[in-house]
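Residues in the sequence shown are numbered consecutively from 9, following my numbering.
Every residue, glycine too, gets a C-beta built ideally from N, C-alpha and C.
Here the structure comes first, spelled out in C-alpha cells, and everything after it is commentary.
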Amino acid sequence: MSRFVDVKVENGIQLITINRPDKKNALLQEMYSVLADSLFGADDNSDIRVTVITGVEDSFTSGNDLGDFLNNPMQDEETPVFRFLKALATIKKPLISAVNGLAVGVGTTMLMHCDLVYASKEAKLSLPFVNLALVPEASSSYLMPKMMGHQRAAELLMLGEPFSADKAYEYGIVNEVTSSEALLSTAMEAAAKIAAKAPEAVRLAKALLKNDGEAVLKQMDAEGQIFRSRLVSDEAREAMQAFMERRPPDFSKFA
Ligand code: COA
C-alpha cells in the first residue's frame, strides 16, 4: 500500500487516484508498486472489468520523482517502475485515463498504452526526457511514431516542450477533451459502458487491437537499458541537480 495512491473498486470499475499533491503527484517506487499490483491484480479479479486512472488537484502526475532518480537511480529490471511499465504493456483488461492536469514523462507515455484517454482542457502534457539528458521510455519511441508519425513524435520527444490537451487530441493521444468538471464522469461513464459488456469479448478485442505486444516489450527493454545507463550519466545528474537547485542546467561542458 501507499498513502499516495488510492484504489477503490465499485460496480466492476477499479478507480486508481494518484494522491501526492504537494509534489504534483510525482511517483515514488512505492507508488509504482501499488500501480503495478492494481493493474496486474485486476486481470485476476473477476470483480474488476476495467480500470480508470486519474490524479488529485492540478496534476495527473509530474512523472518520476526527480529526487528519487538522483538519489536512487534504479539499475536493474526488477524495480517497481519497470513492473508498472510491463503491466501497462501486458494487462488484458481495459485501461482508461482521465488526465486532469500536468502529465509529465511517464504521465504522458502511459497514455500510449491506454485504451481510452480523456483529458480536461487544463491538462498540460510533456515528455522532457531529452531535457533531463534521458531517453524515451515505456516503449514511447515505438508507440508514438506508430500513432502520430515520426515528425510529430520527434517534435514531442526531442523538443520536450509542454503541449495542450487540444494538441494531444490532434496527435491522436486523447479521445476527447472535456471541462475539468466533466472529466471524471466522462471517463467513468465510458468505463461503466465497458463494464457492462461481455468481459471475454472485451478482453479478446483488446488483445486483437494490441497485436504487437512483443515489439512493444522489445523496445521497452531496449529503452530501459539505455535509460538506466543515462540515469547515472554526468549529463543527467547535472540536469536533475539543476531541477533541485531551481536553476537551468548547464550542458556546455559536455562533448
Ligand atoms: N519530482 C520531484 N518533485 C517534484 C516533481 C518531480 N517530478 N515535480 C514537482 N515536484 C515538486 C517540486 O520540487 C515542488 O516541491 P517543493 O514545494 O518541495 O519545492 C513541488 O513539487 C511543486 O512543484 P513546482 O515546480 O513548484 O510547481 P510548478 O507548477 O511550478 O511546476 C512542474 C510543475 C511539474 C512543471 C515542475 O515541477 C517540473 O518540471 N517538475 C519536474 C517534472 C519532471 O521532469 N518529471 C520527470 C519526467 S521523466
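Open item on the list: How far does the alpha helix (DSSP H) with glutamine 177 in it extend, from its first residue to its last?
Closed with: Checking the sequence shown, residue 177 turns out to be tyrosine, not glutamine. Element bounds for tyrosine 177: 173-178.
Task: The alpha helix (DSSP H) enclosing alanine 63, as first and last residue numbers - done: In the sequence as displayed, the identity of residue 63 is glycine instead of alanine. Note, glycine 63: premise wrong, no alpha helix (DSSP H); beta strand (DSSP E) at 58-63.
Task: Segments of 3+ residues assigned as beta strand (DSSP E) that fall wholly inside the stretch 130-157 - done: 132-134
Open item on the list: The alpha helix (DSSP H) that contains aspartate 45, what's its start and end?
Closed with: 37-51
Open item on the list: Taking 8 Å as the cut-off, does the stretch 11-20 touch the stretch 91-111 (at least 3 CB pairs, one atom from each stretch)?
Closed with: no
Task: Contact set for serine 241: own chain, Cβ-Cβ below 7 Å, skip 5 residues either direction - done: Ala141
Open item on the list: If distances are taken between C-alpha atoms only, which option among Met9, Lys261 and Met118 comes closest to leucine 151?
Closed with: Met118
Open item on the list: Spatial neighbours of alanine 34 within its chain, please: C-beta separation below 6 Å, excluding the five flanking residues on both sides.
Closed with: Ser70 and Asp73
Task: Rounded Cβ spacing between serine 134 and glycine 109 (contact assumed at less than 8 Å) - done: Serine 134 to glycine 109, Cβ: 12 Å. No contact.
- [ ] Identify, in the order they occur along the chain, each residue of the same chain with its Cβ nearer than 7 Å to the Cβ of alanine 244, setting aside the five sequence neighbours on each side.
- [x] Leu140, Ala141, Leu142 and Arg238
Open item on the list: Is it buried or exposed, phenylalanine 259, if we count other Cβ atoms within 10 angstroms and call 16 or more buried?
Closed with: exposed
Task: Cβ-Cβ distance between alanine 146 and proline 153 below 9 Å - done: no
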